[in-house]
Amino acid sequence: MPVDTMKNLIRQLIDIQAKLYEIALKKTEAIKNGNTQEVGRLTGLEQPLVEKLIKIEKKRAAVAGQDIGKAGGNAAAPTFSEWEAAAVPAGARPEWQSLFRELARSVFQLKQANQLNQHLLRQSLQWTRLNINLLYPQIKSMNYGNPKAGQTSPSAVSGRIDSRA
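According to our numbering, the sequence shown is numbered sequentially starting from 51.
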């Protein structure tokens, strides 16, 4: 029943990515509103889901590796297509391809939302830096001071010889 196990794992991956996508959309709104506390809270909610996603992906790779190993081939982290060719009967492939497209779509949506959030955060940081620089500019010397102020004074013995002595 590795095929049923794989289907269950892929459904779990899709569900977790859907939850992460919902959080990413909420995070986008929080960034737009400037609510840093909400962004922090949402980021904290993401962490356990990401860890769970990694754990399930490792299980998926292990199951696929076992199936590929039985069929003879590459045992190191096989792709979905490699696993499908080795383990899924020809009659069930359209269902698996549909499931794969759903998984790919969820990954793509999540990636786009995260890229948007990253872009918004980068712009927000640039705006903040600009305002800080406008409010507290770097004061530089405008050549109105003594140009020798930073130099050391000549020593008491100037090197001249007193001829009156």
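Idealized CB from N, CA, C, for every residue including glycine.
- When only Cα atoms are considered, Thr-55 and Leu-99 end up about 20 angstroms apart.
- Contact annotation, Ala-74 with Asn-164: C-beta distance approximately 6 angstroms; criterion of less than 8 angstroms satisfied.
- In this structure the stretch 86–100 does not lie against the stretch 136–150, because fewer than three pairs of beta carbons, one per stretch, are closer than 8 angstroms.
- Between the beta-carbon of Ile-104 and that of Leu-59 there is about 13 angstroms, and that puts the pair past the 8 angstroms contact cut.
- Look at Gly-84 here: in three-state DSSP terms it is coil, with no helix or strand label.
- About 7 angstroms separates the CB atoms of Gly-115 and Ala-127; that is less than 8 angstroms, so the two are in contact.
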